[in-house]
Amino acid sequence: EKHITDDFLNEYLMRLRFKVGYGGKIIVIADACHSGSGSRGIRDDKEVFKRGAKEIFVIPKETANIIRKEKPVDWLFVSACKSYQTNYEYKDEHGEYYGALSYSISKSEDLLTGIKYTDAVDNWSNTVQEITVYPQNIDNEGRPSKKNSNLF
753 EKHITDDFLN EYLMRLRFKV GYGGKIIVIA DACHSGSGSR GIRDDKEVFK RGAKEIFVIP
813 KETANIIRKE KPVDWLFVSA CKSYQTNYEY KDEHGEYYGA LSYSISKSED LLTGIKYTDA
873 VDNWSNTVQE ITVYPQNIDN EGRPSKKNSN LF
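Residue numbers (our numbering): 753 to 904.
Right under this line is the structure:
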């Protein structure tokens, strides 16, 4: 009942987009289970998104209402896994636990300046694949023009 829904998140991100302006860049990172397609933009694979029940999360059935495809989001959105996957934690050499995506990003922080967004996501994805035992695939959304630009 206290989950942050994609609609709620979208409202705040649109406010931020207005403040930053369309010339600015917003990068949203969700290191959480089932976070893929969290911004509900059109994706490269043309996935059609479905909703569960109104008050509690229910895995949608094939007969669920289909939500229309939406325009690409006005920010870059990276999620730790696909909407149907679990995000696993990584235990480092000191016994500390981190989300797999957060750990991957922290290990590449010195490489982030001047790198293309798509190259950074590929780097993070490779690291996640190396440190997790179970299937976990990074998901990302955004306008193609933003995806082809430098991260910072």
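No residue lacks a Cβ here, since even glycine has one placed at the ideal position from N, Cα and C.
DSSP places Y869 in the helix class (H, G or I) of the three-state scheme. One alpha carbon belongs to G894, the other to G776, and they sit about 14 Å apart.
When beta bridges are read from the DSSP output, N889 appears opposite no residue. If you look at A852, you'll find it in the alpha helix (DSSP H) that goes 852–859. Its chain contains D826 as the residues whose beta carbon lies nearer than 8 Å to that of Y774, once the 5 sequence neighbours on both sides are disregarded; these appear in chain order. Residue pairing of I779 in beta bridges, as defined by DSSP: L828.
Counting of Cβ neighbours within 10 angstroms places Y855 among the buried residues, the total reaching 16 or more. When secondary structure is reduced to three states using DSSP, K899 falls in the helix class.
For E763, the uninterrupted alpha helix (DSSP H) segment begins and ends at 758–772.
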